[in-house]
Amino acid sequence: GLLSCLLLLFLLEMREISSFNLDTENVIIQKGDSGSLFGYSLAMHQQLNPVDKRKLLVGAPKAKALNGQKSKITGGLYDCDSTLSSSSCNRVQFDNSEDLQTESKENQWMGVTVNSQGPGGKIVTCAHRYQQRKRVNSDDESRYILGRCYVLSQDLTIKQEPGDGGDWKLCEGRKAGHEQYGSCQQGISATFTQDPYYLVFGVPGAFNWKGVVRVENSSLLQLGIFDDGPYELGEDNPAEIPVPDNSYLGFSLDSGNAITKKDQLTIVAGAPRANHSGAVVLLKTVLSTNLLEKEYILEGEGLASSFGYDLTVVDLNADGWQDIVVGAPQYFEKDKKVGGAIYVYINKNGDWNMVKPTRIDGTEDSMFGLAVENLGDLNMDNYNEIAVGAPYTKEGGKVFIYHGSADGLITTPTQVLSGSAGTKLFGYSLAGNMDLDMNSYPDLAVGSLSDSVFENIKDKLRGISIQVNVGIENSKRKRRQVPGIPPILNPKPQKPVMVNFRKEGCGSDNVCQSKLKLQHRFCYKEPNTDEFSPLKVVQKDIALEITVTNENGDDAHEATLVASLQSTLTYSADYSAERQVICKANTNGSQAVCDLGNPFKRNSRVKLYIILSTAGIPLDTTDLEIDLQLGTTSVQDPVKVKAKAKVEIELQLSLTGLAKPSQVYFSGETKGESAMKTGDVGSPIEFEFRMINLGRALKMYGSSFLIINWPMKTIEGNWILYLMKINSQGLGQITCSPEKEINPLKLKEVGKHNSRKRRAINETNQSEGTISALQNKDRKSATLSCDKGAKCVEIRCPLHDLDSNAVILLRSQLWNSTFLKDYSELNYLEVIVTASLKVDGIAENMILKNTETQMKVTVFPERFMAQYGGTPWWPIVLAILLGLLMLGLLAFLLWKVRLKEHRYIYSIAVCSTLYLGP
């Protein structure tokens, strides 16, 4: 399989002074999982209790998650045995939990840095991409890349001691946002000071990536000293940080006690992007304010040289003052073929104004200076040495050893180390200045991020040439022995012997005749799934589905697929669910070579997807072409295919319109244009055109306009909609044309608050009556539009500055007199305004969708509500007549009843009178 590795080089036990001091024969190779970035960071550590153990600690920031973690890739720390008899590494168990409601550890890069406090001291390791989560699974969920560090005890466990554990989250609870502490990325560097009482953290993402350095009380806590620190640069005030935004201050760290003054702690912090070249800042602690203050700044000289990417503090000339070595791995000089450099600053009794650095250059494209390390005194001459990594040399990486002397650093390397065959990025990380194998000499560990140490080993299908060289070793003749006849070798040149390997899966003639075929189609990958669907018009990434078959063919040995891409496309990734297919792209992503299998057997079939990035496709691209070619060492007819696709680029532009209000009324009396006053014109109407641009700024394509077809007058020349004013939002100051059609009568604008209250009430309260009236087929109506009954004016508003969202507002008034004069007999009218977006100069393959809109305003005569808004009049009249009739009948009945009652009473009275008479 493919493995990451690191090499551990031991010092030879020699008492003689020699320029070659590191044993490159007895090398321990420690291996980690593929893709884990095993060896990204290194530290040597000595455990004193309960027994003396020497450990090599290795960071693997892409290692798989532990069982208690809910993420998949979290990174981790490994404890590696440093003896020649063993090459085992064990995962250090910590950070084995995860609360998805408050944090995310997916790709947190635990192990991005690791450092030891010294013999019997603590260990610090960090995950600079650790995320804090808030309001999880809601629409306003937020994530902050704060970073986090763990401090472990000397035996790599977390004890109940002050400082142990993972509570080293310096940015938690502080102001969020990248302009504050929301993207801190704490822990991309972390180290212990040499005293060794303090723990120093780099926070390069704070304050728009200015960066912050923080010094925390470490060992003093155990002594009961709690009022020393913490010390921080700036203390929430970015103006106090002596570098500009995007400097990455704190990307690298070291410290010393004899840099500016003897017995004074100085923090040395790298800022590799300061002022576009890099800088190193010397900081001191101020006890009275608990702040870090700048003492001096060392500035880089090469544009984008990454001066300060790594650094180390070391006394090179044994004068008692500590010197500084700074790496600038991207320093570049084309004519001299320089690729990377280190700067050696020899301390002048603490006066850094007097120091002029010595620059040592690396070879072209080598990234010389990516890692620098203090090795201690390798050759026991009382002067310290340094190691410099150049991981990108053509040989797979090198490490250069430089010796110190009374005059400073000897600029010629005394030893150059290389990785084993096939190793890549040898020298990416370094650790030294400790005797791991207990031979009284300091050792060196070299990290390599190679995931392809064994990548060139394949089946031996071709013949291997073997040549045997024979020599004669003279035996020692005994005293007084008569010399015999010595043998001699045949001077005839020896012929090489070819060893051929039989290839399986071939025909009876031992010749493999494969029948590889290829089919393809363009598609895209569904989000969060491994499914691929037919291509849509708008995709950031597209996939080319390729199916390779070997139907009824012999085995295809060393079968490969080569995809050559045009310059506008770049290889992004590959995917295959059926079997392991490995694709590798060249440096610029223009070609991908996929290993289909060795061999690709008879009747095999494989489907793979090459995912391509469309970010580089120019706007004028109309076609895509990808050259596909199958290759094999078996006998095979050439298979070359061009995968073609038409390109249509949809501009992410949309237009919507809204009329406010959408229903208005007219009333009053007819007046001529000259007698018209502002208040007599009619109801105000506002037309809102909202444009959304999710793509590039329109000025990149050419001229762009909002075209409004405005129904200004009737065919007879009477006003319909009188345009008062045009405003815009999100476009700056614009001028729409023709200007003469905007308020040509110079009327004063009527605000919305001046509109008639009664109309507003009617519009609100009579909506149901309006709808019922419009749905009645017997109503008389008309439409005024550019196609029917109206003379329109084309209004053009420029949109050159439309980057995202914008609104254009047209304020107008309904012209009452026209509607009273010409349309008073109608039940309602519809006035239609249309608009569209136009972009000049776009290519033929560009598509504009959703760029037209139509707004309709319904106009009613004000008598409409009395006449048609409620119940029809005739039922009301009929009801009144029926009521009167019933009232009359009731009165007549009552009269008749009253009359009969009166007669009855009268008759009783008469009878009574007769009886009682005398």
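Numbering-wise, the sequence shown is residues -19 to -1, 1 to 899 according to mature numbering (1 follows the signal peptide of the UniProt record, and there is no 0).
Where a beta carbon is used, it is the ideal one built from N, C-alpha and C, also for glycine.
Same chain, Cβ closer than 7 Å to residue i, five either side skipped, listed in chain order
| i | result |
| --- | --- |
| P372 | M348, L351, G378, L406, F407, G408, Y409 |
| E376 | S399 |
| N674 | Q633, L634, L783, D784, S785 |
| G361 | Position check: residue 361 holds Met in this sequence, whereas Gly was assumed. Closer than 7 Å at the Cβ level, and outside the excluded window around M361, lies no residue. |
| N724 | L704, M705, K706 |
| G486 | C493, D535, D536, P580, K582, R583 |
| residue 901 | This structure leaves residue 901 out entirely; the chain is present only between -19 and 899. |
| L18 | S(-16), A41, P42, K43, L430 |
Beta-carbon proximity list for residue i, same chain, < 8 Å, skipping 5 on both sides
| i | result |
| --- | --- |
| E722 | W691, M693, L704, V774, I776 |
| T603 | K627, V628, A824, E825, N826 |
| T834 | L636, T637, G638, F670, T815, A816, S817 |
| P423 | L(-9), L356, G357, D358, L359, G413, N414, M415, D416 |
As assigned by DSSP and simplified to three states, the class of residue i
| i | result |
| --- | --- |
| M91 | strand |
| V838 | strand |
| R739 | Unreliable placement is indicated for R739, whose pLDDT of 40 sits below 50; no coordinate value is reported for it. |
| M335 | helix |
| S798 | helix |
| N690 | strand |
| P394 | coil |
| N238 | strand |
| D4 | strand |
| I696 | coil |
| D803 | helix |
| P219 | helix |
| C564 | strand |
| F313 | strand |
| P642 | coil |
| A872 | helix |
| N724 | coil |
| W149 | strand |
Beta carbon of residue i nearer than 9 Å to that of residue j
| i | j | result |
| --- | --- | --- |
| L356 | I382 | yes |
| L497 | V543 | no |
| A816 | I688 | yes |
| H781 | S684 | yes |
| G663 | W854 | no |
| Q82 | R129 | no |
| E667 | L791 | yes |
| V307 | P338 | yes |
| V193 | V181 | no |
| V262 | A252 | yes |
| L284 | V325 | no |
| I248 | T174 | yes |
| S648 | L801 | yes |
| residue 938 | E669 | Within the shown structure, residues of the chain are numbered from -19 to 899, placing residue 938 beyond reach of any answer. |
| V397 | V427 | no |
| Q500 | T528 | yes |
Contact set for residue i: own chain, Cβ-Cβ below 6 Å, skip 5 residues either direction
| i | result |
| --- | --- |
| S85 | Q112, R114 |
| K329 | M335, V336 |
| E87 | S52 |
| Y165 | Sequence inspection shows Cys at residue 165; the Tyr mentioned does not correspond to that position. Same-chain partners within the cutoff: L127, G128, C152, V184, G186, A187. |
| L47 | N77 |
| G625 | Reading the sequence as shown, one finds Lys at residue 625 and not Gly. Hits under 6 Å: E606. |
| L639 | E669 |
One or two residues paired with residue i in a DSSP bridge
| i | result |
| --- | --- |
| C70 | C61 |
| S199 | Per DSSP, none; premise fails for S199. |
| T595 | For T595, which the question treats as bridged, DSSP gives no partner whatsoever. |
| R35 | Q27 |
| C107 | T94, C130 |
| G192 | L230 |
The ligand NAP heavy atom lying under 8 Å from the CB of residue i
| i | result |
| --- | --- |
| T799 | No copy of the ligand NAP appears in this structure; indeed no ligand is present at all. |
* To do: Report yes or no: do three or more beta-carbon pairs, one from the segment 67 to 85 and one from the segment 20 to 29, lie closer than 8 Å?
  => no
* Asked: Between the segment 563 to 582 and the segment 616 to 624, do at least 3 Cβ pairs fall closer than 8 Å?
  -> no
* Counting pairs of Cβ atoms below 8 Å between the segment 50 to 58 and the segment 85 to 96, do you hit three or more? -> yes
* **Contact the segment 312 to 320 vs the segment 222 to 230: 3+ CB pairs below 8 Å** => no
* the segment 102 to 112 / the segment 132 to 146 touching (three or more Cβ pairs under 8 Å) -> yes
* Pair every Cβ in the segment 298 to 305 with every Cβ in the segment 267 to 278, then say whether three or more of these pairs are closer than 8 Å. => no
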